[in-house]
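Novice: I'd like to ask you about the structure that follows.
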Amino acid sequence: MSTEYVDQSGPLVRPYAMTGGRTRPRVDIAMEALVTATARGDREAGSARHEWQKIVELCQQVQSLAEIAAYLGTPLGVARVIVGDMAEAGMLDVHEPGRLDDQLGTYLLERVLSGLRKL
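Residue numbers (our numbering): 13 to 131.
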């Protein structure tokens with residue numbers, strides 16, 4: 013009997029496997045933090061792990077950490093660990109609440125709030 017779980021989309025990867033067994037990020041990121049892909053992320057996404065590729069693709073437009081978790085279908089804590097690792101690797105920029113440039117403005121904050129309400 014196989015111990016691998018399979019669903020309609022393929023093998024199931026347990027969340028702790030996606031984070032290397034870690035449950036806490038090295039960097040604390042608020043769930044409403046806004047995330048964008050960097051030029052380095054664009055260049056290196058093709059050779060990165062599958063979930064990293066998906067996050068870089070998603071973050072071509074500004075996304076909140078909560079939206080990334082929902083898109084991946086993972087718990088918020090798992091997304092927080094992955095995004096933190098990617099930010100440390102220079103593949104993502106994380107814009108924490110209260111530290112946003114005025115250029116990002118109210119529009120993006122309203123978009124995040126709308127996305128959170130949809131969750």
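Note that CB positions come from ideal geometry on N, CA and C, so glycine has one too. Since the structure is predicted, the reported quantities are computational estimates derived from the model, not experimental observations.
Which residue from H107, L121, V124 puts its Cα closest to that of T50?
Specialist: When each option's Cα is compared against that of T50, the closest is H107.
Novice: With distance defined between alpha-carbon atoms, name the residue in M103, L88, V124, L77 nearest to R61.
Specialist: Minimum Cα distance to R61 is reached at M103.
Novice: Any idea what DSSP makes of V51, helix, strand or coil?
Specialist: Note that residue 51 is Ala in the sequence shown here, rather than Val. Helix at A51.
Novice: Should S76 go down as buried or exposed, given a rule of 16 or more other Cβ atoms within 10 Å for buried?
Specialist: Classification of S76: buried, given that the 10 Å Cβ count is 16 or more.
Novice: Could you tell me the distance, in whole angstroms, from the CA atom of Q72 to the CA atom of D54?
Specialist: Taking the straight line joining both Cα atoms gives about 9 Å.
Novice: How many whole angstroms separate the CB atoms of M43 and A78, which I take to be in contact at a CB cut-off of 8 Å?
Specialist: Sure, about 5 Å apart at Cβ, within 8 Å.
Novice: G96: buried (16+ other C-beta within 10 angstroms of its C-beta) or exposed?
Specialist: Buried.
Novice: Do I94 and I67 have their C-beta atoms closer together than 8 Å?
Specialist: Result yes, Cβ atoms of I94 and I67 sit closer than 8 Å.
Novice: What ranges does the alpha helix (DSSP H) occupy inside the stretch 78 to 129, keeping only unbroken runs of at least 4 residues that lie completely in it?
Specialist: As far as the stretch 78 to 129 is concerned, its whole alpha helix (DSSP H) runs of at least 4 residues are 88 to 100.
Novice: What span of residues does the alpha helix (DSSP H) with Q73 cover, start to end?
Specialist: That residue, Q73, is in no alpha helix (DSSP H); it is neither H nor E in DSSP.
Novice: How big is the Cα-Cα spacing for E69 and G85?
Specialist: Cα to Cα, the separation comes out at about 15 Å.
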